[in-house]
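Undergrad: Mapped onto our numbering, the consecutive letters of the sequence shown carry residue numbers 5 to 339.
What follows is a structure written as structure tokens; I'll ask about it next.
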Amino acid sequence: MNLLRKILLPVVPVYYFITWLRNKLYDFGIKKSISYDFPVIAVGNLSVGGTGKSPMIEYLIRLLKDKVMLATLSRGYKRETKGFQLVQINSAAKDIGDEPLQFKTKFKNVMVAVDADRRNGILNLRNQEINPEVILLDDAYQHRKVKAGFYILLTPYYDLYCNDIVLPTGNLREPRSGASRADIIIVTKCPNTISSELKSSIEKKLNIKRNQVLLFSTIDYSLDIISGSKKRSISSLKDTSFTLVTGIANPKPLLEYYSSLGLKFNHLNYPDHHNFTDVELNRLKEHSCIVTTEKDYVRLASNFSEGALWYQPIEMKFISDQDTFDAKILEYIKK
């Protein structure tokens with residue numbers, strides 16, 4: 005915890021009360037939420053950054069894209085445009101955000117949109133010529149003007165929300181009691197070897213309700229890295245020294261994974277969703293081999309020739325009970 009956060013500790017009760025009161029006003033119907041007569045699934049977290057929302061959205065896309073007309077709606081964090089935007093394959097990350105562009109690049113037939121106003125975004129999506137039957141809301145757990153029909157809450161294994169406090173000293177966007185709105189809670193980025201005893205311990209700490217389902221997932225790293233149409237194995241990096249560039253909330257799991265493979269690399273760490281300046285880009289171009297994350301790649305790729313910049317694909321993988329998750333989602337949609 006840095007010094008500024010410690011200094012701001014007296015502000016924590018104020019922030020806690022404001023966010024708690026806001027939730028109660030929505031709970032009691034004093035502030036109005038809009039619900040819908042079609043499936044809306046919200047994915048989010050209680051803490052800021054780095055819980056694995058994008059891999060979760062991509063998992064849901066893979067599960068649903070061949071079964072229903074599907075759309076995703078994101079805020080489009082740090083984009084330079086305003087209002088509703090439909091994402092196209094040739095869109096620029098600065099106009100629609102890196103994660104929405106990542107979704108569209110990987111799933112070309114899925115409708116992807118951005119709008120900070122989720123109500124307006126849903127309205128615009130439903131007014132499209134091709135009408136989505138299911139909408140996935142990315143990072144919308146605290147967006148209570150919309151009442152989703154199904155909530156998925158993510159919390160990382162190394163930073164459970166039950167061990168944290170609200171901003172500005174802690175990392176929670178709202179009090180821990182907000183977890184009660186979730187239908188499914190997923191502990192993400194777990195070690196593959198997590199024991200049944202530890203799972204049970206975490207379940208008690210999180211105080212899972214009877215109507216909630218708790219699941220555990222991990223990060224599945226592809227054995228290949230990609231640059232445009234090119235692929236090469238991660239093992240080929242053992243013979244060279246490369247630069248790892250990250251602009252994500254928490255690069256620690258990737259660093260640990262590469263270190264476990266015995267890879268030798270220089271790590272350049274930037275803030276989450278970092279917009280690279282011309283000076284920074286020119287400095288990066290001095291490196292002979294750069295590996296980055298998929299989210300960073302969509303922001304950087306247009307500045308590099310194919311083969312000069314590579315990205316590490318990842319997927320979310322359930323440690324167990326994947327069928328339980330899939331069945332819950334499909335059951336909700338069928339209703």
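Backbone N, C-alpha and C fix where the C-beta goes; we use that ideal spot for every residue, glycine too.
Note that the coordinates shown come from a computational prediction; the quantities given were computed from them, not determined experimentally.
When the Cα atoms are used, what is the spatial distance from residue 299 to residue 216?
TA: C-alpha separation (whole angstroms): 31 Å.
Undergrad: Going by the CB atoms, is the gap between residue 61 and residue 142 shorter than 7 Å?
TA: Yes, the Cβ-Cβ distance between residue 142 and residue 61 is below 7 Å.
Undergrad: Inspect the beta-carbon positions of residue 224 and residue 319 and report whether they are closer than 7 Å.
TA: Cβ atoms of residue 224 and residue 319: closer than 7 Å.
Undergrad: Determine contact between the region 184-195 and the region 145-155, defined as no fewer than three beta-carbon pairs at a distance below 8 Å.
TA: Verdict: yes, contact present.
Undergrad: Are the region 197-206 and the region 79-94 in contact at 8 Å, needing three or more beta carbon pairs?
TA: No, the region 197-206 is not in contact with the region 79-94.
Undergrad: If residue 190 and residue 158 are in contact, beta carbons under 8 Å, what's the gap, nearest whole angstrom?
TA: Yes, residue 190 and residue 158 are in contact; Cβ-Cβ is about 5 Å, under 8 Å.
Undergrad: Go through the region 55-115 residue by residue and report every complete run of the alpha helix (DSSP H) that reaches 4 residues or more, in order.
TA: Here the runs fully enclosed are 57-68, 97-100 and 102-110.
Undergrad: Report the option in 174, 310, 277 and 192 whose CA atom is closest to the CA atom of residue 230.
TA: Of the candidates 174, 310, 277 and 192, the one whose C-alpha sits nearest the C-alpha of residue 230 is 310.
Undergrad: Straight-line CA distance for residue 155 to residue 89?
TA: Distance between the alpha carbons of residue 155 and residue 89: 24 Å.
Undergrad: Do residue 118 and residue 108 come within 7 Å of each other at the CB atom, strictly closer than that value?
TA: No, these two residues do not count as a Cβ contact at 7 Å.
Undergrad: Taking the straight line between their C-alpha atoms, what separation do you get for residue 237 and residue 283?
TA: Cα-Cα distance, rounded: 30 Å.
Undergrad: Just to confirm, is the Cβ distance from residue 73 to residue 17 under 7 Å?
TA: No, Cβ-Cβ distance for residue 73 and residue 17 is not below 7 Å.
Undergrad: Taking the alpha-carbon positions, what's the residue 131 to residue 153 distance?
TA: Cα to Cα, residue 131 sits roughly 20 Å from residue 153.
Undergrad: Checking the sheet assignment: what are the DSSP bridge partners for residue 142?
TA: Per DSSP, 47.
Undergrad: Decide if residue 219 is buried, meaning its Cβ has at least 16 other Cβ atoms within 10 Å, or exposed.
TA: With 16 or more other Cβ atoms within 10 Å, it is buried.
Undergrad: Measuring alpha carbon to alpha carbon, tell me which of 127, 251, 177 and 257 ends up nearest residue 21.
TA: For residue 21, the nearest C-alpha among the options comes from 177.
Undergrad: Give every residue of the same chain whose Cβ lies closer than 7 Å to the Cβ of residue 105, excluding the five residues on either side of it in the sequence, and list them in chain order.
TA: Hits under 7 Å: 91, 95, 97 and 302.
Undergrad: Less than 7 Å between the beta carbons of residue 111 and residue 65, yes or no?
TA: A contact, by the Cβ cut-off of 7 Å.
Undergrad: Taking only three categories from DSSP, how would you classify residue 28?
TA: Three-state DSSP puts residue 28 in a helix.
Undergrad: Can you tell me where the alpha helix (DSSP H) holding residue 261 begins and where it ends?
TA: It spans 256-264 - the alpha helix (DSSP H) in which residue 261 sits, taken as one unbroken run.
Undergrad: At the level of alpha carbons, what is the spacing between residue 113 and residue 126?
TA: About 18 Å.
Undergrad: Between the Cα of residue 124 and the Cα atoms of 334, 43, 149 and 46, which residue gives the shortest distance?
TA: Answer by Cα proximity: 149.
Undergrad: Tell me which residue opens and which closes the alpha helix (DSSP H) that residue 189 is part of.
TA: Per DSSP, residue 189 belongs to no alpha helix (DSSP H); it is in the beta strand (DSSP E), 188-192.
Undergrad: Return the first residue and the last residue of the beta strand (DSSP E) that residue 268 is part of.
TA: Per DSSP, residue 268 belongs to no beta strand (DSSP E) and is neither H nor E.
Undergrad: With three or more C-beta pairs closer than 8 Å as the rule, is the region 245-257 touching the region 283-297?
TA: Enough Cβ pairs lie closer than 8 Å, so yes.
Undergrad: Starting from residue 288, trace the alpha helix (DSSP H) in both directions and tell me its first and last residue.
TA: Where residue 288 is concerned, the enclosing alpha helix (DSSP H) stretches over 282-288.
Undergrad: By how many angstroms is the C-alpha of residue 279 removed from the C-alpha of residue 101?
TA: Roughly 10 Å separates the two Cα atoms.
Undergrad: Could you check what DSSP says for residue 42 in three-state terms: helix, strand or coil?
TA: Three-state result, residue 42: coil.
Undergrad: Using DSSP's beta-bridge definition, name the partner residues of residue 313.
TA: DSSP output for residue 313 lists 294 and 310 as bridge partner(s).
Undergrad: With distances taken Cα to Cα, identify the nearest neighbour of residue 285 among 222, 26 and 312.
TA: It is 312.
Undergrad: Would you grab the beta carbon distance between residue 193 and residue 160 for me? Rounded to a whole angstrom, and I think it's under 8 Å.
TA: Confirmed, about 5 Å.
Undergrad: How long is the line joining the alpha carbons of residue 245 and residue 314, rounded to whole angstroms?
TA: About 14 Å.
Undergrad: Would you call the CB atoms of residue 222 and residue 339 closer than 7 Å?
TA: No. Outside cutoff.
Undergrad: In the DSSP assignment, find the alpha helix (DSSP H) that holds residue 336 and state where it starts and stops.
TA: Note, residue 336: alpha helix (DSSP H), 326-338.
Undergrad: For residue 195, collect the residues of the same chain with a Cβ closer than 8 Å to its Cβ; drop the 5 residues on either side in sequence, then sort them by chain order.
TA: So the list reads 161 and 222, once near-sequence residues are dropped.
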